[in-house]
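In what follows, a structure is listed as structure tokens, so that the remarks can point back to it.
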Amino acid sequence: MKFTLLNGEIIPRSEAKVDVEDRGYQFGDGVYEVIRVYNGKLFTANEHLSRFVKSADSIGISIPYTTEQLKETLEKLIEKNKLQLGTIYMQITRGTAPRNHAFPTVKVTPTLVAYTNEVRRPEESFHTGVKAILTEDIRWLRCDIKSLNLLGNLLAKQKAVEAGCYEAIQHRGQDVTEGSSSNIYIVKNGAVMTHESNHLILKGITKDVILDVCSDNDIPFEEKTFSLDDLETADEVFLSSTTSEVMPVIEISGNKVNNGTPGEVTRKIQELFQQEIEKQCGKLAD
Ligand code: PDD
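Sequential numbering from 494 applies to the sequence shown in this note's numbering.
Here you go:
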């Protein structure tokens, strides 16, 4: 039996029910996080939990637990579900109230849910790389908030899937922003470049780890907007996210990147990223 966290209590998944007037269900009025679990341990938990609090704060939801309490509860959930390799999905909504766009005027308790999923590492794709398409970024202007409202992202991802691709690389006019569920990087003359962390992208936790390992290992790294032309002429392209880690992109809209193989700098960063996981969570199985 699998267990779910609902408002501070860990209960059987089948008993975890949320009201039809929950504002998350009706408006997407809430925020979420996805945290990786390796060897039964949370990876970069503090970073994910602080982003969770920040996202909630920016839409005026106050989480009725400290991040320490949240972390302890998530650890209990991992243990209850005997999760070794996977993810924790966690979301908070403004709560249940009669449907009205404006926030409820009476005090409502936010609905907090978390559950685990068994998710393998996409190891084969780490070696082969993945394909992507390009699509105009049609999302709102607060992509820094990890909002439950993901329609723009879903439409982009679906386009990619229908084209037989792994990811959709979004752009606003000439400027590349990010993937539908990942951050995007180019490598040129050995230097890594990715969009600066502002309102147009989600500040990835994986991106922060990549940034740290690059600066610790003398790999030049710049957070700066780059163009579709830069993407087209890049030596290497890769993407990053909690579930995809560091993933080489070897083809974009039918055009090969680095002759269709993962590049040297990308492979080095993959290796350094794995070392970082192992530092926090212990040795990974081959
Ligand atoms: N997505 N940008 C977007 C739009 C994302 O949805 C994600 C993550 C990222 C990478 O963030 P991080 O490195 O913190 O995972 C960037 C998660 C995994 C998801 O929605 O499933």
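Virtual Cβ for every residue (Gly too), placed ideally from N, Cα, C. Model, not experiment: these values are computed from the prediction.
Query, Result
"Residue 654 CB to nearest heavy atom of the ligand ADP below 6 Å", "Among the ligands in the structure shown, the ligand ADP does not appear; only the ligand PDD can be found there."
"Residue range of the alpha helix (DSSP H) that includes residue 720", "Careful: residue 720 lies outside any alpha helix (DSSP H) and carries neither H nor E."
"Residue nearest to residue 726 in terms of C-alpha spacing, selected from 773, 711, 676, 752", "752"
"Residues near the ligand PDD, criterion Cβ-heavy atom distance below 6 Å", "527, 646, 671, 674, 675, 676, 695, 697, 698, 699, 700, 733, 734, 735, 736"
"Simplified DSSP state of residue 734, which is helix, strand or coil", "strand"
"Residue 640 vs residue 737 beta-carbon contact at 7 Å", "no"
"Option nearest residue 618 by Cα separation, candidates 517, 605, 742, 503", "742"
"Extent of the continuous alpha helix (DSSP H) to which residue 704 belongs", "698-709"
"Chain-order list of residues whose beta-carbon lies under 7 Å from that of residue 769 (same chain, five-residue window excluded)", "702, 706"
"Opposing strand residues paired with residue 435 [DSSP bridges]", "Past the boundaries of the shown model lies residue 435; the chain is included only from 494 to 779, so the question cannot be answered."
"Reduced DSSP category for residue 640 - H, G, I as helix; E, B as strand; rest coil", "strand"
"Host beta strand (DSSP E) of residue 529 (start-end)", "523-531"
"Residue 490 vs residue 604 beta-carbon contact at 7 Å", "Residue 490 lies beyond the residue range present for the chain, which begins at 494 and ends at 779; the question has no answer from this structure."
"Where residue 770 sits in the DSSP three-state scheme", "helix"
"Cβ-based neighbour list, residue 632, same chain, cut-off 8 Å, excluding 5 preceding and 5 following", "645, 646, 663"
"Burial state of residue 599 (16 or more Cβ within 10 Å)", "exposed"
"Sequence-distant residues of the same chain with beta carbon closer than 8 Å to residue 635, five excluded per side", "551, 692"
"C-alpha distance - residue 760 paired with residue 767, whole-angstrom precision", "11 Å"
"Cβ distance (whole Å) where residue 535 is taken to contact residue 568 below 8 Å", "7 Å"
"Validate contact between the stretch 511-531 and the stretch 585-599 using beta carbons, cut 8 Å, 3 pairs", "yes"
"Continuous alpha helix (DSSP H) assignments of at least 4 residues falling wholly in the stretch 542-601", "560-573"
"DSSP-derived helix/strand/coil call for residue 536", "coil"
"Candidates 499, 585, 614: closest to residue 778 by CA position", "614"
"Selected residue, minimal CA-CA separation from residue 762, among 708, 623, 724", "708"
"In DSSP terms, what residue 607 is bridged to", "498, 583"
"Distance CB(residue 581)-CB(residue 607) smaller than 7 Å", "yes"
"Status (buried if at least 16 other CB within 10 Å, exposed otherwise) for residue 505", "exposed"
"Rounded straight-line distance, which links the Cα of residue 699 to that of residue 775", "18 Å"
"Buried versus exposed call for residue 711 [16 or more other C-beta atoms within 10 Å across all chains shown]", "exposed"
"Same chain, Cβ closer than 8 Å to residue 650, neighbours up to 5 away in sequence not counted", "660, 661, 673, 674"
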